[in-house]
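Asker: Sequence lines, in order, name chains A and B.
According to our numbering, the residues represented by the first sequence are 2 to 915, in order.
According to our numbering, the residues represented by the second sequence are 5 to 502, in order.
Note that beta-carbon positions come from the ideal geometry of N, C-alpha and C, so glycine has one too.
Please read through the structure below; I'll follow up with questions.
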Amino acid sequence: MFNLTTSRLLMFLSAALTAGILAIGCNSRRPVDYSSEVKPILNKHCISCHGGVKQSGGFSVLFREEALGNTKSGHPAIIPGDAANSEFIRRLHNKDPKERMPYKAAPLSKEEISILTRWVDEGAKWGEHWAYVSPAKPDYAPPAATAGNAAQNAGEGGVDHYINLKLEEEKLEAAPQADKITLLRRLSLDLTGLPPTEQMMQSFLADNSPDAYEKRVDSLLASPHYGEHWASMWLDLARYADTKGYERDVRRDFWRYRDWVINAFNHDMPYDRFTVEQLAGDLLPNPDNDQLIATAFHRNTMNNDEGGTQDEEFRVAAIIDRVNTTMEVWQGTTIACVQCHSHPYDPFRFEDYYKLMAFLNNTRDEDTFGEHPKLRLYDSVGLRKVDSITAWIKQYGTAGELSETKDFLRTLEPKIHAHNADEYINGELADTKFMAIRHGGSCRVKKVPVNNRNNLLLKYWTGRDGGSLEIRDGGLNGPLVARQSLPKGNRVLDIPITPMEGYRNLYFIFRNSSLGPLESVCNVEWFALRNDLPGKGQPGYKPVETAFMQAVNANPESMPVMWENPTEMFRPTHTFERGNWMVLGEEVKPDVPESLNPFPDKAPRNRLGLAMWITDKNNPLTARVMVNRFWEHLFGIGIVETQEDFGTQGFLPSNPALLDYLSYRFMNTYNWSMKSLLREMVTSEAYKRDSRSSPELQEKDPANRYLARGPRFRLSAEQVRDQALAVSGLLSNKMLGASVMPYQPEGIWQTVWSGDNWKISENGDQYRRAVYTFIKRTAPYPSAITFDASSREVCLQRRIRTNTPLQALVTLNDPVYVEAARSLALRMQESGGQDAKTCIRAGYKRAMYKDIIPGKEAVLEKLYRQAYDKFGKDPKAAAAFLQAPEPKKGMEHLAALTVVANAIMNLDEFLSKS
Amino acid sequence: MHMSEKIIHEANERAAKYFSRRHFLQDCITGLGATALGSLLGGCNIFSGSGSGEMPQSLNPLEPRAPHFPARAKSVIYLHMAGAPSQLELFDYKPELQKLHNQLCPPSILEGKKFAFIRGVPKMLGPQAVFSQHGESRAWVSDHLPHFSKMVDDVSFLKAVQTDQFNHGPAQLFMHTGSARLGRPSIGSWVTYGLGSENSNLPGFVVLTSGGKTPDAGKSVWGSGFLPSVYQGVQCRSKGDPVLYITDPEGMDRDMRYQSIHAINEVNKLEYEAFQDPEILSRISQYELAYKMQISVPGVMDINDEPEYIHQLYGTQPGKEAFANNCLLARKLVEKGVRFVQLFDWGWDTHGTGEDLSIDYGLRNKSREIDKPISALLLDLKQRGLLDETLVVWGGEFGRTPMQENRDGKEMPYLGRDHHVEAFTMWMAGAGIRKGGSWGETDEIGFAAVKGKVAVHDIHATILQQMGFDHEKLTYQFQGRPFRLTDVGGHVIHEILG
């Protein structure tokens with residue numbers, strides 16, 4: 002594909018240019034470097050026909066053994082050390098257009114051919130892509146600490162060391178430090194997502210101690226708003242939302258996961274633990290509720306409730322999403338393409354995808370409408386019941402029985418869903434959700450792991466008495482396993498069964514002769530196999546058994562979590578032929594790509610092991626990807642600009658030594674403490690620079706990769722909202738809890754098959770931070786989306802910042818922002834009374850913390866006058882604008898101030914971090 | 005408005021300067037057009053301040069751009085009947101099916117098939133409409149669409165369209181984004197990404213809905229997926245603000261808004277002088293554009309000023325959320341240079357579960373609601389000479405079964421048909437589409453496509469072709485590979501091109 006190759010060209014050029022590495026025309030004495038010189042040429046000109054997708058002529062340059070192996074001709078194309086006799090080189094020179102490579106494209110340049118020729122002559126050595134080699138111990142040694150130099154002690158100067166080297170190389174001069182006001186506003190917005198409080202600004206300005214800045218860094222890192230801010234970053238990755246997605250897109254209770262993320266950031270949970278708990282909290286020994294809630298990270302996949310959908314199709318879709326998301330979030334690696342074929346450019350094989358999938362493919366969730374498994378959060382009455390049961394089992398049962406019962410009460414797992422039934426006679430899977438069978442009808446559930454258990458818990462409901470169920474083994478006339486009447490109601494019923502060994506095909510036969518020919522006996526949602534509780538026959542057993550069934554039948558608050566299949570329900574993983582889940586290939590075992598770090602020796606081959614592999618300090622990507630992500634949020638552009646792709650198609654790091662230095666320190670010095678890492682970044686001189694640009698800087702470094710100046714860019718969707726509320730004094734400081742609904746115009750939610758409505762929150766909840774806004778995937782909050790927030794359908798690594806007229810309309814006219822302007826105007830009036838000038842100065846200062854310059858003041862004052870005159874002539878308009886019940890004398894002042902406040906809150910400087 | 009012309013001029017100058025510095029890059033992309041610029045930067049947007057590398061930061065992302073080759077269509081009006089209309093009552097006439105009416109469906113047809121709601125062995129349902137042939141093309145159209153039947157010589161029917169999704173949400177996503185999963189850009193986003201917008205005072209991609217609901221798949225069917233959000237469809241509404249937040253707060257008049265935007269831009273200009281950040285210039289022009297949109301959108305969205313004969317032609321009633329109003333708006337919008345107008349009309353899911361959603365009643369009413377407006381739209385475009393450059397597409401997300409629905413094996417209160425993926429009818433008109441054409445055939449009962457099968461990606465390829473794009477080359481780099489609307493499929497349907 003022409004487009005493809007050309008796009009590679011540009012990518013390579015820009016990457017090469019930005020990294021200051023010009024691959025072409027290097028010193029000829031130095032050996033050719035594979036990663037920076039050869040691989041880009043192969044990617045650009047060769048690999049689209051000779052790579053992971055196509056291997057024309059039986060030749061591929063993706064892996065070394067393929068490149069050196071025999072081609073279709075029977076001979077190898079590359080003979081290491083002998084370019085003259087290598088077909089690979091000969092073809093580059095060939096004059097015959099049918100022979101000459103690249104086929105049907107422009108020939109390679111002399112320089113490119115020379116690089117490839119030298120490379121073959123030097124032995125065709127394969128180099129590793131920079132990102133797949135672990136960051137080495139940095140060469141920078143901090144100078145001995147001195148008591149007087151707090152700034153240096155904070156970050157030890159490494160960041161500036163590497164940045165300054167780069168600036169010298171690029172012949173750029175560093176800007177001086179920004180003024181204190183600008184600096185604290187920048188710092189506060191960056192660390193907490195909110196502007197500083199008035200008090201904090203005053204105390205900072207008055208503090209002349211050498212560590213005045215560092216003290217503010219520490220107090221902002223300790224602020225509870227810190228977690229609220231950084232959670233937003235993580236929730237984009239986690240594709241967190243309050244609804245299930247797809248057609249019905251109904252609500253799901255997921256906010257506890259959002260709160261878990263906020264708390265984890267606030268408690269500075271180390272990134273390795275943060276990772277392990279989210280990927281495999283359920284597999285840790287005796288996980289607590291929080292550790293289970295953390296696993297909801299991967300339950301944020303969408304769930305399809307629409308009638309007629311096949312659960313397995315959407316379960317597989319969720320697993321695929323989990324594989325892609327895991328690799329993207331923690332490894333900055335785009336692997337989605339490997340679902341169908343080997344990676345076109347990067348060393349990931351087709352099988353690697355399914356080996357990774359095998360880690361994630363053994364959870365109990367099966368896209369059921371009930372979103373099982375769910376963590377059950379009992380109230381105090383329920384907890385007392387659970388405690389009485391566990392106390393009993395401690396007395397009479399084994400440790401195994403104790404943990405099995407505890408797990409069951411917590412999750413009602415493992416259970417078997419109705420969608421597993423087949424061979425329906427006179428019945429069917431109603432609404433693709435329930436086993437619904439008419440009088441005398443039946444169905445089969447294949448390979449049920451009964452394993453000598455003596456109880457079957459059946460979740461069903463029916464509005465009619467007189468029903469009964471018979472369960473038979475192996476056939477409709479097979480041995481009787483159970484017989485049970487099914488009273489009217491909606492419950493989990495405990496049915497004694499004949500213990501049998503191993504796996505059985507069970508036949509469920511339903512009867513109720515009092516029903517009409519089309520009515521079903523009942524709807525069955527799921528069943529589970531269990532044993533009687535231990536201590537049966539002991540005095541006091543009956544009340545414990547009753548308590549157990551009451552607990553099972555309770556309907557506590559709950560939320561979806563990950564839960565592993567027990568061994569008896571192991572789900573094998575197969576490759577999908579050409580990515581099609583319906584066509585299974587060979588079975589694969591869990592494993593990690595060869596091109597990355599080896600799987601840790603002692604790690605189990607399950608999700609926990611996968612998480613241990615990711616957080617192993619030998620993993621070359623985990624730390625770099627997270628460091629780069631934080632960097633991008635602070636500086637506006639990642640050290641690797643393509644945050645989402647650290648592969649050979651991504652950009653090269655603009656400052657590789659800096660990235661490795663920070664990554665190494667993140668793991669080894671800070672033991673994965675995210676706050677410490679951020680602290681080192683924001684205490685650097687580079688972070689503190691003035692953000693003024695100049696024509697020269699725009700010319701030399703328009704994107705500010707090398708940081709001669711400080712960062713300046715538009716605030717995020719969340720910051721835009723939160724800042725407006727904070728500055729106007731409306732912001733609610735309430736933290737955590739269920740999602741809220743701030744003002745939204747009518748008619749945004751019009752979802753089919755759902756009577757759900759957007760109901761504006763009250764009592765201050767309408768003024769809570771953006772991170773608490775309810776997110777409906779198919780109708781996300783409009784003002785947030787306009788500012789590039791994610792609709793959380795899939796993992797989003799990087800929000801591309803846009804600048805559009807629709808954004809202007811939001812901050813100008815959205816009633817949320819108009820109300821904020823009114824509130825700011827009131828505060829302006831409090832400061833300046835009837836004196837417009839004083840009011841305007843106060844308003845600007847409240848927004849920007851500094852004194853307004855005369856030029857700007859003149860503009861705003863003129864606006865005030867124009868509005869004042871207008872409202873003076875039209876008191877009704879003033880009243881309407883202020884939403885006052887009726888016009889009052891003097892209202893034109895406040896109304897005109899509101900117009901000015903609205904303008905202030907639309908200034909570029911207000912909407913930007915500077 | 006002159007207030008910031010100088011600044012905008014400056015912004016454009018600077019942009020041009022950046023561009024010329026990057027001339028060598030432009031040379032690399034000759035033959036692709038500037039279209040693929042986004043993909044050239046590996047999925048980064050060329051227009052924003054982030055990720056743009058050395059690219060200009062203050063370019064208008066909706067700047068008109070040239071496609072791959074001269075386009076037949078300047079605009080597209082896509083009429084989607086959400087819920088899936090029955091081809092067997094509208095266009096695909098099956099007298100044989102009438103003979104089999106009420107007989108049990110032969111099991112051979114059902115073998116290996118899966119339906120959303122049909123269970124066991126259903127009965128066949130004969131056409132519930134009277135068909136006759138119309139125009140010089142002798143096209144079959146039922147008496148549900150008396151007005152449209154006079155327009156058949158302007159359209160080309162596709163009678164054997166197939167999809168692989170039999171549920172509304174995924175099928176609508178597939179029809180509009182080329183993928184049944186969420187997260188991909190919609191056709192309109194692709195087109196706007198490729199072409200920009202001709203009218204900078206209006207969004208390039210406008211969505212209008214009727215029928216009281218948004219489509220089953222929600223706003224994702226006009227979402228921009230992984231493309232920058234500036235390319236998503238802008239929903240224009242019949243009630244409330246025509247575009248969200250376009251109306252000034254109560255009590256603020258146009259002059260005051262002008263003065264306030266003027267003040268904002270004046271202060272921003274001072275800020276630019278201090279900071280030299282081109283993004284500030286971009287913000288100045290975006291505020292200017294916002295003001296222009298405030299002026300032009302309400303005007304375009306107001307149909308009161310249309311002459312009476314136009315209202316009669318369309319059957320419009322100003323102020324109502326109605327498909328007829330949306331058809332008239334669609335004409336007004338393409339007249340103003342909007343690239344892609346997407347209409348969704350909800351209420352075509354005729355399972356027979358209730359009167360409104362039945363083949364015997366609901367379908368007849370829904371047909372009446374669209375018949376006059378659609379015919380008027382075609383006529384109106386034609387009389388203005390716009391039909392030659394406007395591609396009109398009509399269809400649903402799938403078709404309906406020749407069998408009568410028997411949900412959960414039960415008889416239904418009204419006549420209904422289940423979702424059907426194997427064959428359904430769509431049509432296209434205008435902008436180089438053959439007049440009076442028809443392509444594709446189904447078997448005697450309208451169950452299976454037997455000739456001229458058309459896949460969903462073929463529809464996409466054809467729309468893009470008429471807009472001047474090679475569907476294989478309109479790509480965007482995301483998650484490590486170039487994505488396109490047609491994924492790995494798509495063939496232009498040459499049989500219906502004039």
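1) Would you decide whether Q332(A) is buried or exposed? Buried here means 16 or more other CB atoms lie within 10 Å of its CB.
2) With a cut-off of 8 Å, do at least 3 Cβ pairs link the stretch 795–812 of chain A to the stretch 761–773 of chain A?
3) From the DSSP output, read off the bridge partner residues of Y355(A).
4) Could you confirm whether any beta carbon from chain B is found closer than 8 Å to the beta carbon of L238(A)?
5) Whose CA, out of T276(A), R531(A), E313(A), I905(A), lies closest to the CA of L611(A)?
6) By Cβ distance, which residues of its chain are closer than 7 Å to E105(B), with the 5 residues on each side in sequence left out?
7) Can you list, in chain order, the residues of its chain with a C-beta nearer than 6 Å to that of G255(B)? Leave out the 5 residues immediately preceding and following it.
8) Report yes if the C-beta distance between P288(A) and D661(A) is below 8 Å; otherwise report no.
9) My guess is that F509(A) and L458(A) are in contact by the Cβ rule of under 8 Å, so how many angstroms apart are they, rounded?
10) Give a yes or no on contact between the stretch 557–565 of chain A and the stretch 502–518 of chain A, applying the rule of three or more CB pairs nearer than 8 Å.
11) Please compile the residues from chain B whose C-beta is within a distance smaller than 8 Å of the C-beta of A318(A).
12) Taking only the alpha-carbon atoms, compute the straight-line gap between S228(B) and G198(B) and give it to the nearest angstrom.
13) Inspect the beta-carbon positions of P253(B) and Y318(B) and report whether they are closer than 8 Å.
14) So, are the CB atoms of E359(B) and G351(B) less than 8 Å apart?
15) With distances taken between CB atoms, is the gap from Y818(A) to M906(A) smaller than 8 Å?
16) Among residues of its own chain, excluding the 5 on either side of N903(A), which ones have a beta-carbon nearer than 6 Å to its beta-carbon?
17) Is I288(B) near H464(B), with beta carbons less than 8 Å apart?
18) How would you list, in chain order, the residues of chain B whose beta-carbon sits under 7 Å from the beta-carbon of D815(A)?
19) Report yes or no: do the stretch 534–542 of chain A and the stretch 394–407 of chain A share at least 3 C-beta pairs separated by less than 8 Å?
20) At 7 Å on the CB atoms, spell out the chain A contacts of I268(B), in chain order.
21) Could you tell me which uninterrupted alpha helix (DSSP H) segments, each at least 4 residues in length, are contained entirely in the stretch 311–378 of chain A, listed from first to last along the chain?
22) Taking a contact to mean a Cβ-Cβ separation below 8 Å, would you say K386(A) touches Q539(A) in this structure?
23) So is L585(A) buried or exposed if we call it buried at 16+ other beta carbons inside 10 Å?
24) Hey, could you find the ends of the beta strand (DSSP E) E558(A) is sitting in?
25) Could you spell out the range, first to last residue, of the beta strand (DSSP E) harbouring D422(B)?
26) Let me see if you follow: with CB-CB separation under 8 Å, is H172(B) close to chain A or not?
27) Using a C-beta to C-beta distance shorter than 8 Å, which residues of chain B count as neighbours of A881(A)?
28) What residue does the alpha helix (DSSP H) around L635(A) start on, and which one ends it?
29) Name, going along the chain, the residues of the stretch 800–811 of chain A whose beta-carbon falls closer than 9 Å to a beta-carbon of chain B.
30) Short of 8 Å in beta carbon distance, which residues of its chain neighbour E448(B), apart from the five on each side in sequence? Order them along the chain.
31) Verify the CB distance criterion: does T310(A) have a CB-CB separation below 8 Å to chain B?
32) Going along the chain, which residues of the stretch 581–600 of chain A sit with their C-beta nearer than 7 Å to a C-beta in chain B?
33) Could you tell me whether any Cβ in chain B is nearer than 8 Å to the Cβ of L895(A)?
34) Just to make sure I have the definition right: I need the residues of chain B whose C-beta is within less than 7 Å of the C-beta of P225(A). Which are they?
35) Do you know whose CA, among L385(B), G502(B), W226(B), H180(B), lies nearest T490(B)'s CA?
Answerer: Well, looking at it:
1) Numbered from 1 along the first sequence, position 331 holds the residue referred to as residue 332(A). Counting the other Cβ atoms within 10 Å of the Cβ of Q332(A) gives 16 or more, which makes it buried.
2) By the Cβ test, the stretch 795–812 of chain A is not in contact with the stretch 761–773 of chain A, since fewer than three Cβ pairs between them sit closer than 8 Å.
3) Position 354 of the first sequence, counted from the start, is the residue given in the question as residue 355(A). Secondary-structure assignment with DSSP links Y355(A) through no beta bridge to anything.
4) Position 237 of the first sequence, counted from the start, is the residue given in the question as residue 238(A). Not a single CB atom of chain B sits nearer than 8 Å to the CB of L238(A).
5) The residue you call residue 611(A) lines up with position 610 of the first sequence. Taking only the C-alpha atoms, the option nearest L611(A) is T276(A).
6) Working through the second sequence from its first residue, we reach residue 105(B) at position 101. Rather than Glu, the amino acid found at residue 105(B) in this sequence is His. For H105(B), the CB contacts under 7 Å within the same chain, skipping 5 residues up- and downstream, are M128, L129, G130 in chain order.
7) Stepping through the second sequence from its first residue, residue 255(B) is reached at position 251. Within the same chain, G255(B) has no close Cβ partners at all.
8) Counted from its first residue, the first sequence places residue 288(A) at position 287. Counted from its first residue, the first sequence places residue 661(A) at position 660. No. Outside cutoff.
9) Stepping through the first sequence from its first residue, residue 509(A) is reached at position 508. Stepping through the first sequence from its first residue, residue 458(A) is reached at position 457. The C-beta distance from F509(A) to L458(A) rounds to 14 Å, too long to fall under 8 Å, and the pair is not in contact.
10) Short answer: they don't touch.
11) The sequence position of residue 318(A) within the first sequence is 317, counting from 1. Going along chain B in sequence order, the residues near A318(A) (Cβ under 8 Å) are R185.
12) What you label residue 228(B) is simply residue 224 of the second sequence in a count that begins at 1. What you label residue 198(B) is simply residue 194 of the second sequence in a count that begins at 1. Rounded to the nearest angstrom, the two C-alpha atoms are 13 Å apart.
13) Indexing the second sequence from 1 puts residue 253(B) at position 249. Indexing the second sequence from 1 puts residue 318(B) at position 314. The beta carbons of P253(B) and Y318(B) sit no closer together than 8 Å.
14) What you label residue 359(B) is simply residue 355 of the second sequence in a count that begins at 1. What you label residue 351(B) is simply residue 347 of the second sequence in a count that begins at 1. Contact: no.
15) What you label residue 818(A) is simply residue 817 of the first sequence in a count that begins at 1. What you label residue 906(A) is simply residue 905 of the first sequence in a count that begins at 1. Cβ atoms of Y818(A) and M906(A): closer than 8 Å.
16) Position 902 of the first sequence holds residue 903(A). Counting only Cβ-Cβ distances below 6 Å, and skipping sequence neighbours, we find A822.
17) On the second sequence, residue 288(B) is found 284 positions in, with the first residue counted as 1. On the second sequence, residue 464(B) is found 460 positions in, with the first residue counted as 1. For the 8 Å CB-CB criterion, I288(B) and H464(B) do not form a contact.
18) Within the first sequence, the letter at position 814 stands for residue 815(A). Within 7 Å Cβ-Cβ: Y249.
19) Contact between the stretch 534–542 of chain A and the stretch 394–407 of chain A is present: 3 or more CB-CB pairs across the two stretches fall below 8 Å.
20) Working through the second sequence from its first residue, we reach residue 268(B) at position 264. Neighbours of I268(B) on chain A, chain order: A904, N907, L908.
21) List check, alpha helix (DSSP H) in window: 312–332, 351–361.
22) Reading the first sequence from its first residue, position 385 is the one you call residue 386(A). Reading the first sequence from its first residue, position 538 is the one you call residue 539(A). The answer is no: Cβ separation not under 8 Å.
23) As a working mapping, residue 585(A) is identified with position 584 in the first sequence. Around the beta-carbon of L585(A), fewer than 16 other beta-carbon atoms lie within 10 Å, marking it exposed.
24) Within the first sequence, residue 558(A) is the residue found at index 557, counting from 1. Judged by DSSP secondary structure, E558(A) falls within the beta strand (DSSP E) whose first and last residues are 558–561.
25) The count along the second sequence starts at 1 and reaches residue 422(B) at position 418. Per DSSP, D422(B) belongs to the beta strand (DSSP E) from 421–424.
26) Start at 1 with the first residue of the second sequence, and residue 172(B) comes out as number 168. Output row for H172(B): interface = yes.
27) Counted from its first residue, the first sequence places residue 881(A) at position 880. Under the 8 Å cutoff, chain B gives E254, G255.
28) Counted from its first residue, the first sequence places residue 635(A) at position 634. Taken as a continuous stretch (DSSP letters only), the alpha helix (DSSP H) holding L635(A) covers 623–636.
29) From the stretch 800–811 of chain A, only R800, I801, R802, T803, N804, T805, P806, L807, Q808, A809, L810, V811 have a Cβ closer than 9 Å to chain B.
30) Position 444 of the second sequence, counting from 1, holds the residue named residue 448(B). Closer than 8 Å at the Cβ level, and outside the excluded window around E448(B), lie K98, E100, L101.
31) Position 309 of the first sequence, counted from the start, is the residue given in the question as residue 310(A). Nearest CB-CB separation between T310(A) and chain B: below the 8 Å threshold.
32) Going along the stretch 581–600 of chain A in chain order, one finds no residue with a Cβ nearer than 7 Å to chain B.
33) Looking up residue 895(A) in the first sequence gives position 894. No - not a single Cβ of chain B is within 8 Å of the one on L895(A).
34) Along the first sequence, read from residue 1 onward, the residue named residue 225(A) stands at position 224. In chain order: nothing, as chain B lies at least about 29 Å away.
35) Working through the second sequence from its first residue, we reach residue 490(B) at position 486. Answer by Cα proximity: H180(B).
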